[in-house]
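Residues 3 to 375 (my numbering) are what the sequence shown spells out, left to right. Idealized CB from N, CA, C, for every residue including glycine.
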Amino acid sequence: MAKHFIGLMSGTSADGVDAVVARFGDHPRLRILAHHHEPYGAPLRERILGLMTPGADEIDRMGPLEIELAEIFAAAANRVRRAAGLSPGAISAIGSHGQTIRHRPGGPLAFTLQIGDPSRIAERTGITTIGDFRRRDMAAGGQGAPLVPAFHRWLFWDKEHDRAIVNIGGIANVTCISRDPSAPVAGFDTGPGNALLDGFIRRTLGLARDEAGAWAARGHLHAPLLVTLLEEPYFSTPPPKSTGREHFSLAWLDERLAHHPDVPAEDIQATLTRLTAATIVTAVRETHADQLFVCGGGSANDSLMRELRALFDGTVDTTAALGLAPDLVEATAFAWLAAQTLAGQPGNLPSATGAAHAAVLGGIYPATGTARP
Ligand SMILES: Nc1ncnc2c1ncn2[C@@H]1O[C@H](COP(=O)(O)OP(=O)(O)O)[C@@H](O)[C@H]1O
Ligand SMILES: [Mg+2]
3 MAKHFIGLMS
13 GTSADGVDAV
23 VARFGDHPRL
33 RILAHHHEPY
43 GAPLRERILG
53 LMTPGADEID
63 RMGPLEIELA
73 EIFAAAANRV
83 RRAAGLSPGA
93 ISAIGSHGQT
103 IRHRPGGPLA
113 FTLQIGDPSR
123 IAERTGITTI
133 GDFRRRDMAA
143 GGQGAPLVPA
153 FHRWLFWDKE
163 HDRAIVNIGG
173 IANVTCISRD
183 PSAPVAGFDT
193 GPGNALLDGF
203 IRRTLGLARD
213 EAGAWAARGH
223 LHAPLLVTLL
233 EEPYFSTPPP
243 KSTGREHFSL
253 AWLDERLAHH
263 PDVPAEDIQA
273 TLTRLTAATI
283 VTAVRETHAD
293 QLFVCGGGSA
303 NDSLMRELRA
313 LFDGTVDTTA
323 ALGLAPDLVE
333 ATAFAWLAAQ
343 TLAGQPGNLP
353 SATGAAHAAV
363 LGGIYPATGT
373 ARP
């Protein structure tokens, strides 16, 4: 029987929250009944980004922000639920990723932190809410990321082609799905997606993003700078691996720009765009995928898409060609992960995260806070 779930995703770009109502069934397996993007205003975005790198008074800045975000998440969930024409009781659960403010994988004391209180979302929506997906994977020895590959495989596997699904958010991650269903699915973060593009244009021109990649298109690739950027050890580290904005920050960029002091700003932006495309294509090439499908906000950056098409040997499209709009993929993945958890099924792929085993992910916050004897 078909079931309805809400997915909520707020990624490392801190641009806003994406909400979807997804119907999972047999034919078709997926239908999106409603979706909404609630953008964050510039001050809220600043406060989120301000928690992604270490600083003073973090806990006191985080606490109220976590509650504000939970209220925004809940309002977005209520809004899409109403748009879908469904009552709270018709939704099996909300899967809420939360807002990552720190991600430090690897080592015995690895941790990852997503905020946006699921108790409050359950309270405000009257819908069972599942959150905190990443920590269980980390507890099982994984990176806690990426968690979308199992969903990508469920929806996008094809018997004719080896497919790479590339999500270009603040950080970019790829999922490589072999046409051979018994082959393990590879999935990992390739490095920066939009994070440096956003950060550099924000600092230089005061804009939130490089709309359609127009600024990068006015610049030229600076080959020596690209070489310096590509020397970053993360790019040649074998998977499983994941990273975050605390690593690929403007401070990271500035250390490298110091070796190339006279590069015009638009050439820096063009080179950062190439960096994102080149690190993605290099990673995908190793998996022999012949089709590449892009999702996430980077799919709206024409310069980035042009670079991907120029560098990749196979076809490059967005996931719209597979029936799911690129900006809805991540939120839908968390709706799907909530469905997995509620069904007692695992959500992580050890081949992607490096966990010792597949695990049922997340914490379940029941719809009603009223204790029943
Ligand atoms: N029209 C556009 N032109 C250029 N870049 C865009 C556009 N729309 C979205 N983006 C980029 O995508 C980012 C948001 O992508 P998203 O998939 O939501 O990432 P995240 O999961 O990190 O929040 C924005 O910060 C911006 O860099
Ligand atoms: Mg986003």
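In this structure, serine 15 places its C-beta atom within 8 angstroms of the C-beta atom of aspartate 200.
Taking the Cα positions, phenylalanine 153 is about 9 angstroms away from phenylalanine 336. According to DSSP, phenylalanine 7 shares a beta bridge with Ala24 and Ala95. Under the three-state reduction of DSSP output, phenylalanine 237 falls in the helix class. With three or more CB-CB distances shorter than 8 angstroms, the segment 197 to 217 counts as touching the segment 246 to 257. Not one heavy atom of ligand 1 falls within 7 angstroms of the beta-carbon of leucine 149.
Secondary structure within the segment 107 to 168: the alpha helix (DSSP H) runs of 4 or more consecutive residues, fully enclosed, are 120 to 127, 136 to 141 and 151 to 158 (chain order).
Positions of the beta strand (DSSP E) runs, each at least 3 residues long and wholly inside the segment 217 to 297, are given as 293 to 297 in order along the chain. The Cβ atoms of proline 107 and threonine 114 sit closer than 8 angstroms to each other.
Comparing alpha carbon positions, the residue from Ile74, Ala58 and Ser98 closest to isoleucine 366 is Ser98. For alanine 36, the enclosing beta strand (DSSP E) starts and ends at 32 to 41. Taking a contact as a CB-CB distance under 8 angstroms, the pair histidine 37 and isoleucine 93 does not count as one, their CB atoms being some 14 angstroms apart.
Contact annotation: leucine 53 and isoleucine 103 have beta-carbon atoms nearer than 8 angstroms. Taking non-hydrogen atoms of ligand 1 into account, the C-beta of threonine 14 is found less than 7 angstroms away from one of them. In this structure, the alpha-carbon of alanine 322 lies about 13 angstroms from that of leucine 157.
Residue ranges of uninterrupted alpha helix (DSSP H) with 4 or more members, entirely inside the segment 326 to 369 and ordered along the chain, are 331 to 344 and 352 to 355. Taken from the Cβ of aspartate 17, at least one heavy atom of ligand 2 lies inside 7 angstroms.
Its chain contains Thr275, Asn303, Asp304, Ser305 and Leu306 as the residues whose beta carbon lies nearer than 7 angstroms to that of glycine 215, once the 5 sequence neighbours on both sides are disregarded; these appear in chain order. Counting C-beta pairs closer than 8 angstroms gives fewer than three between the segment 21 to 37 and the segment 343 to 353, which falls short of the contact rule. Annotation for glycine 87: no beta strand (DSSP E) segment contains it, and DSSP assigns it neither H nor E. The count of Cβ pairs closer than 8 angstroms, one atom from the segment 155 to 173 and one from the segment 121 to 140, stays below three, leaving the stretches out of contact.
Judged by DSSP in its simplified three-state form, proline 66 adopts helix.
The beta carbon of aspartate 269 sits closer than 7 angstroms to the beta carbons of Gly221, His222 and His224 from its chain, once the five residues preceding and following it are set aside; these are given in chain order. For phenylalanine 314, same chain residues with a beta-carbon under 6 angstroms away, outside a window of 5 residues either side, are Val283 and Leu294 in chain order.
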